[in-house]
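**Student:** Right, I'll just put the structure down here and ask away after.
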Amino acid sequence: MAQIRGTAGYHLGNQNNNNFGGMGNMGGPQRQDATNDPSPLAAIRAQTSKIEDWLDTISDPLKPYLPAIGRFLIVVTFLEDALRIMTQWNDQLVYLHDYRHIPQGITHLFLILNVCAMTTSSLLIIIRKYSEYAVMGLIAVVVTQALGYGLIFDLNFFLRNLSVMGGLLMVLSDSWVRKKFAPAGLPQLDEKDRKMYFQLAGRVLLIFLFAGFVFAGEWSAGRLVVIAIGFVACVMVVVGFKAKWSAIILVMILSVFNIIVNNFWTLHPHHPHKDFAKYDFFQILSIVGGLLLLVNMGPGQFSVDEKKKVY
């Protein structure tokens with residue numbers, strides 16, 4: 001965040017409409033045409049199931065580590081930002097004082113509080129301690145930085161940080177799986193309800209980064225293809241249909257895009273776009289972390305995937 005502050009320039013169960021439909025679920029007789037449905041929808045379901053099986057096979061070795069990897073990636077942009085502020089301390093002070101007209105003394109306090117909040121909250125999220133307060137602290141940092149650095153009306157900044165906050169909400173819902181506790185100030189909902197609502201909000205916010213990607217950069221045939229695939233995956237994540245492998249597709253798209261476009265390590269140390277590329281790189285890593293938590297936890301109760309289990 002700091003570099004743009006002026007410092008660096010399914011299988012749907014076979015359902016029968018007759019009274020014998022329930023027998024199939026108990027091992028009883030089933031209609032032959034129900035298991036050999038020639039319709040296009042059945043073919044699509046078969047293919048998507050194969051893809052899901054393939055993705056499960058690939059991701060199985062990583063599943064035990066997904067929560068830890070996801071949490072680390074979500075907060076990596078805040079850790080990088082704290083380091084940037086400390087290494088560009090004087091530039092930050094000059095920008096806040098000369099361009100944002102914030103009085104001296106308050107500028108120092110503003111930066112110190114930001115560095116402490118980002119570092120402490122990020123470490124707490126990584127070690128899974130007091131995650132609720134840590135998440136609230138990082139959301140507060142996003143809001144105060146937007147106001148302090150005058151970025152509240154920057155559309156790209158706004159969309160990216162909505163996605164980052166979506167990842168933080170995924171951390172919050174993940175923490176409630178392990179700890180039946182609601183911090184003061186939050187509605188006292190049932191644990192299952194809180195997790196359900198925050199999972200929904202988190203996965204909706206996660207896709208806003210892709211909206212920023214659509215409106216940024218030059219148009220090309222390849223870009224249109226990526227946008228089309230990504231758009232479909234985003235819609236599937238939002239409605240919770242095949243959400244896990246849709247999230248995996250978005251992780252792959254964003255990872256490839258990040259390495260190709262935001263390769264800040266190839267730029268000269270004094271290149272005017274190096275800090276911008278570095279900022280974008282770590283923010284996308286944070287959204288990837290949120291998507292990995294979605295892969296690990298699933299879309300939650302407010303999703304097509306869960307409703308299919310009921311009906």
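Taking the UniProt record's numbering, I'd label the letters of the sequence shown as residues 1 to 311. Ideal Cβ positions, reconstructed from N, Cα and C, are used throughout, including at glycine. These figures come from a predicted structure and were not determined experimentally.
1) For LEU79, which residues from the same chain have a beta carbon less than 6 angstroms from its beta carbon, with the 5 sequence-adjacent residues on both sides left out?
2) Which full runs of the alpha helix (DSSP H) of 4+ residues lie inside the region 218-287, going along the chain?
3) Would you call MET245 buried or exposed, if buried means 16 or more other Cβ atoms sit within 10 Å of its Cβ?
4) Indicate whether PHE210 and LEU254 have their beta-carbon atoms separated by less than 9 angstroms.
5) Do LEU294 and LEU172 come within 9 angstroms of each other at the CB atom, strictly closer than that value?
6) Report yes or no: is there a C-beta of chain C within less than 9 angstroms of the C-beta of ASN263?
7) Excluding the five sequence neighbours on either side, which residues of its own chain have a C-beta within less than 7 angstroms of the C-beta of MET236, listed in chain order?
8) Closest to ILE284 by C-alpha separation, out of ILE260, ILE152, VAL239, would be which residue?
9) Which word fits ASP174, buried or exposed, when buried means at least 16 other C-beta atoms lie within 10 angstroms of its C-beta?
10) The alpha helix (DSSP H) spanning HIS108 covers which residue range?
11) For LYS278, count neighbouring Cβ atoms within 10 angstroms of its own Cβ and tell me buried if that reaches 16, exposed if not.
12) So, with DSSP's three-state summary, where would you put HIS11?
13) Would you call LEU124 buried or exposed, if buried means 16 or more other Cβ atoms sit within 10 Å of its Cβ?
14) Once DSSP output is grouped into helix, strand and coil, what is the label at LYS63?
15) Apart from the five residues just before and just after MET86, which ones in its own chain have a Cβ nearer than 8 angstroms to its Cβ?
16) From which residue to which residue does the alpha helix (DSSP H) around ILE139 run?
17) Quick one, are the C-beta atoms of LEU168 and GLY290 less than 9 angstroms apart?
18) Our contact map puts PHE157 next to ALA146 with C-beta atoms below 8 angstroms; I'd like the distance itself, whole angstroms only.
**Tutor:** Taking the geometry as given:
1) Closer than 6 angstroms at the Cβ level, and outside the excluded window around LEU79, lie SER122.
2) List check, alpha helix (DSSP H) in window: 221-239, 243-261.
3) It is Trp, not Met, that sits at residue 245 in the sequence shown. Under a 10 Å Cβ-count criterion, TRP245 is classified as buried, with 16 or more other Cβ atoms of the shown protein chains found around its own Cβ.
4) Contact flag set, yes.
5) For LEU172 and LEU294, no; Cβs fall outside 9 angstroms.
6) The structure shown contains no chain C, having only a single protein chain.
7) Closer than 7 angstroms at Cβ, skipping near neighbours: LYS242, ALA243, SER246.
8) Checked all of ILE260, ILE152, VAL239; the closest Cα to ILE284 is ILE260.
9) When all chains shown are included, ASP174 counts as buried.
10) That run of the alpha helix (DSSP H) goes 106-126.
11) Of the other Cβ atoms in all chains shown, 16 or more fall within 10 Å of the Cβ of LYS278; this residue is therefore buried.
12) Reliability of the predicted coordinates at HIS11 is poor, the pLDDT of 39 falling under 50, and the value obtained from them is presented with this limitation in mind. In the structure shown, HIS11 sits in coil (DSSP, three-state: anything other than H, G, I, E or B).
13) With 16 or more other Cβ atoms from the protein chains shown falling within 10 Å of its own Cβ, LEU124 counts as buried.
14) Here DSSP, grouped into helix, strand and coil, assigns LYS63 to helix.
15) These residues qualify, in order along the chain: VAL115.
16) For ILE139, the enclosing alpha helix (DSSP H) begins and ends at 131-148.
17) Yes, they are a contact pair.
18) At roughly 7 angstroms, the Cβ-Cβ gap stays under 8 angstroms, so PHE157 and ALA146 are in contact.
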